[in-house]
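Residue numbers are given in the numbering used here: position 172 of the sequence shown equals residue 217, and the series is strictly consecutive.
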Amino acid sequence: MMKIGGLIQHYIPIIFALCEKQDHAEFDRLCDRAYSKDVLDVNFPFCKPISEISALENRRYWSQVYIVRGMSVRVTSQWFDPPTSKSRPFLLRYLERQGIGVIDAARTDPVSAAIDNSVIEQTKKLSRGRYKGNAIGNAQNLVVRNILSNLGTEDFGEKHWRQVIEDFGGLCVYCGQDSELVMDHVVPINRQSLGEHRLGNLVPSCKGCNAIKGDKDFRAFLSAQPDRIAVIETHMDRHDYVPVSENEQIRQIIELAHKEIVQVASRYIDILNTLTVGQNVKRGET
Ligand SMILES: [Zn+2]
């Protein structure tokens, strides 16, 4: 028999899909402590926007984040497990009332089922069936880049950048040549590396090195040249740049933004398709 935790995790995406598509008010109710106690027999609100989860409550909510009605929420982990499970009949009754078919719980793999079903579905929908018509990945990456580029309060202008070039003797930091120089982010600005657009993360690079380095971290790119790595690290220190790559919380939130872009697009596609259902969409004629 599946544990109550596994059972509820399987149904979370389904319950949230219902809040999203059929019953908006149900989401508000599920954020309410009394309602949650009443219908699900849990001592905490069924779900909570992550912005409202205090440090103390943190461990009472599963780390998996869901996006519901434009909000990032987590679901309470405080369910009573068998054999003393009083919550199970409450949950089953709730699902029935909501018109959610109860599956043969024992056969379901709760973990894989719960992993962001709705986002996976939406990504499929957005990338289905139109040749080269899917730009959502680019949009997602650009949003991540924009977020990472604007963290913190550091200001700098062209003269500061000129100073950095001078600090490196007007040479490419990777190969030492003095050909035409461009800005290179030593820690790349993407959701894997979490680099930022800060002076301490910017170095002059020739176009060749910049192209070859691509999305690699500077340490990987310069693995055979520890002296050059040290020069860059000194530059980072001088400008108080501490990469956030190891910060799991930041990583999770960036992942969230990355996923939410798919949902934003999907929501508007649904709205427009609803609007034009049963009529021929009038296309602009040229
Ligand atoms: Zn170079």
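Glycine is no exception: its CB is placed at the ideal position from the N, C-alpha and C atoms.
Going by the C-beta, is residue i closer than 8 angstroms to any heavy atom of ligand 1?
i: Ser224; result: yes
i: Gly214; result: no
Assuming residue i and residue j form a contact by the criterion Cβ under 8 angstroms, report the distance between their Cβ atoms to the nearest whole angstrom.
i: Ile98; j: Ser117; result: Their Cβ separation, rounded to whole angstroms, is 10 angstroms, which puts Ile98 and Ser117 out of contact at 8 angstroms.
i: Ser250; j: Val227; result: 6 angstroms
i: Leu63; j: Ile181; result: Not quite, the Cβ-Cβ distance comes to about 25 angstroms (not below 8 angstroms), so this is no contact.
i: Ile53; j: Leu136; result: 6 angstroms
i: Val188; j: Ala302; result: 6 angstroms
I'd like to know if residue i contacts chain D, where contact means its C-beta is closer than 9 angstroms to some C-beta of that chain.
i: Gly240; result: Included in the structure is just one protein chain, with no chain D present.
Determine contact between the segment 177-193 and the segment 292-303, defined as no fewer than three beta-carbon pairs at a distance below 8 angstroms. yes
Any heavy atom of ligand 1 nearer than 5 angstroms to the CB - residues listed: That query returns the following residues: Cys217, Tyr219, Cys220, Cys251 and Cys254.
Restricting to runs no shorter than 4 residues, where is the alpha helix (DSSP H) found entirely within the segment 190-254? 203-212
Examine the Cβ distances between the segment 244-255 and the segment 278-293 and report whether three or more of them are shorter than 8 angstroms. yes
Is there contact between the segment 254-266 and the segment 204-222, where contact requires at least three CB pairs shorter than 8 angstroms? The segment 254-266 and the segment 204-222 touch, with no fewer than 3 CB-CB distances between them shorter than 8 angstroms.
For the segment 83-91 and the segment 117-124, state whether three or more C-beta atom pairs, one from each stretch, are separated by less than 8 angstroms. They touch, by the three-pair rule.
Would you call the segment 194-214 in contact with the segment 252-261, where contact means no fewer than 3 C-beta pairs closer than 8 angstroms? no
What are the start and end residues of each continuous beta strand (DSSP E) run of 3 or more residues lying completely inside the segment 86-153, in chain order? 92-94, 111-113 and 116-120
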